[in-house]
Amino acid sequence: MQSTTQGRLFLAILLVVYSEWVGVEGVVPESQVDALQEFYTALGGPNWTDNTNWLNGRDPCEPGVEWFGLMGPNGGPCRGAIFSITLTDNNLRGRLPDIFAVFNSTEKIVLARDVISG
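Letter by letter, the sequence shown follows residues 15 to 132 of my numbering.
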């Protein structure tokens, strides 16, 4: 009986940790969405080579309207968790906003061949 209770407790804790990691119900955390919106504005998003779906909806990982350059695990779609941001040679220009630090645990951020300071 005790091992069953411990197992349930372990699963409950694991679910809470996972929910925090991927966001509630698979939605990107609001702090990251805010950072991405500021990032887009600060780096001239309307003039990017490819800005497909950026700022189109509140969830950058919503199926069918995923924001260009955002990926989930193993290069797949980001369903509530952004694992990589790749916007290489995409005409990004400007200063990287401080709020972008919310992505400090993102596995990969590639902004090569763009003109970025900060």
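The beta carbon of each residue, even a glycine, is placed where N, CA and C say it ideally should be.
Three-way DSSP call (helix, strand, coil) for G59 in this model: Within the sequence shown, numbered from 1, the residue matching residue 59 stands at position 45. It is helical.
What's the gap between the Cα of E52 and the Cα of E44? The count along the sequence shown starts at 1 and reaches residue 52 at position 38. The count along the sequence shown starts at 1 and reaches residue 44 at position 30. Approximately 12 Å, taken between the alpha carbons.
For L84, three-class secondary structure by DSSP: Counting from 1 along the sequence shown, the entry for residue 84 is found at position 70. Strand.
Rounded to whole angstroms, what's the CA-CA distance from G78 to G132? Just pull it up for me. On the sequence shown, position 64 is the one that residue 78 refers to. On the sequence shown, position 118 is the one that residue 132 refers to. Taking the straight line from one Cα to the other gives about 32 Å.
Three-state secondary structure (DSSP) at S98? Here residue 98 refers to the residue found at position 84 of the sequence shown. In the structure shown, S98 sits in a strand (DSSP, three-state: E or B).
How many angstroms separate the CA atom of G86 from the CA atom of F97? Stepping through the sequence shown from its first residue, residue 86 is reached at position 72. Stepping through the sequence shown from its first residue, residue 97 is reached at position 83. Their backbone Cα atoms lie some 5 Å apart in a straight line.
Closest by CA to A95, which one among G108, N105, D73? What you label residue 95 is simply residue 81 of the sequence shown in a count that begins at 1. Nearest of G108, N105, D73 to A95, Cα basis: D73.
Inter-residue Cα distance where the pair is N67 and L84: As a position in the sequence shown, residue 67 is number 53, starting the count at 1. As a position in the sequence shown, residue 84 is number 70, starting the count at 1. The straight-line gap from Cα to Cα measures roughly 11 Å.
So for G78, helix, strand or coil by DSSP? Counted from its first residue, the sequence shown places residue 78 at position 64. In the structure shown, G78 sits in coil (DSSP, three-state: anything other than H, G, I, E or B).
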